[in-house]
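Numbering (UniProt numbering), first residue to last: 1 to 245. A quick write-up on the structure given underneath.
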């Protein structure tokens with residue numbers, strides 16, 4: 001090696017952007033006991049999906065009247081249910097100070113239009129003459145492209161997307177999921193535990209696929225010979241089977 005050469009001329013790392021799907025837990029009340037109970041019920045619907053899931057704690061919607069948050073206690077509650085806190089989103093000075101004290105990154109308040117995942121529909125007043133609503137609901141059909149950041153949920157039935165699904169988008173259904181276009185986001189079928197649910201797509205390029213809480217992420221899917229092909233995904237025991245359409 002000459003005197004003008006240096007081993008530091010060869011880069012040892014690269015900084016790259018990434019479209020990662022990270023769960024945001026938006027806190028509306030400072031009540032850790034209620035959070036513990038409600039989070040347990042939510043995780044019970046798909047325990048494998050929530051295992052070691054990355055999480056951003058959003059505290060920016062908490063009203064000032066709620067008082068200071070016990071941030072270490074809040075993180076412990078989330079960790080007990082499998083959620084790992086990567087950062088917090090905050091605007092109140094006491095929340096930012098609490099995060100700095102334990103060396104947790106702080107994100108600015110979000111300006112994006114975030115929509116909560118609808119897990120239940122408003123209950124209409126009961127009318128004696130109206131028959132009860134059937135358990136199985138009609139298939140939900142989406143005819144426009146599903147863009148990054150969108151969440152679409154088909155409650156009580158199947159979800160059909162007659163277009164493409166972008167990275168960062170999320171499809172959820174109690175039944176099956178059909179995508180008649182490139183599937184580049186996340187698809188979660190049988191989210192309430194239906195092990196017979198399936199996922200069908202014309203081009204498998206997903207960030208994540210899941211059936212009844214059993215999932216594979218893109219790192220695993222890229223090694224599958226069906227990557228980029230038209231496939232159907234089913235669940236056999238605890239194993240996701242991917243076969244050609």
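By construction, the Cβ of each residue, glycine as well, lies at the ideal position given by its N, Cα and C atoms.
At a cut-off of 3 residues, the continuous stretches assigned as beta strand (DSSP E) that sit fully inside the region 62 to 96 are 83 to 89. Comparing alpha-carbon positions, the option among 148, 109, 100 and 180 lying closest to residue 27 turns out to be 109. In the DSSP assignment, residue 204 is bridged to 183.
In the same chain as residue 162, and ignoring 5 residues on each side of it, the C-beta atoms closer than 8 Å to its own belong to 141, 142, 143, 180 and 181, in chain order.
Note that the region 200 to 207 does not touch the region 35 to 51; fewer than 3 beta-carbon pairs, one per stretch, sit closer than 8 Å. In its chain, beyond the 5 residues on either side, 68 have a beta carbon closer than 6 Å to the beta carbon of residue 94.
By the neighbour-count criterion, in which 16 or more other beta carbons inside 10 Å mark a residue as buried, residue 73 falls on the exposed side. At least 8 Å separates the beta-carbon of residue 84 from that of residue 59. Annotation for residue 197: no alpha helix (DSSP H) segment contains it, and DSSP assigns it neither H nor E.
Residue 57 sits in a strand when the DSSP states are folded into three classes. Residue 211 carries a strand assignment under DSSP once its states are collapsed to helix, strand and coil. Secondary structure at residue 100: helix, using DSSP grouped into helix, strand and coil.
Taking the Cα of residue 86 as reference, the smallest distance to any Cα among 138, 63, 92 and 25 is reached at 25. Between residue 48 and residue 153, the gap from beta carbon to beta carbon reaches 8 Å or more. Residue 92 and residue 64 have their C-alpha atoms some 8 Å from each other.
Between residue 240 and residue 178, the alpha-carbon positions lie close to 16 Å from each other. For residue 241, the uninterrupted beta strand (DSSP E) run begins and ends at 239 to 244, by DSSP. Per the coordinates, the alpha-carbon of residue 223 lies some 27 Å from the alpha-carbon of residue 151. Assignment of residue 27 by DSSP, reduced to helix, strand and coil, places it in the coil class. Of the candidates 76, 209, 236 and 29, 209 places its Cα closest to the Cα of residue 187.
Distance from the CA of residue 78 to the CA of residue 36, rounded to the nearest whole angstrom, comes to 8 Å. With a cutoff of 8 Å on beta-carbon distance, residue 167 and residue 190 are scored as not near each other. Cβ-Cβ separation between residue 183 and residue 165: approximately 5 Å, consistent with a contact (criterion under 8 Å).
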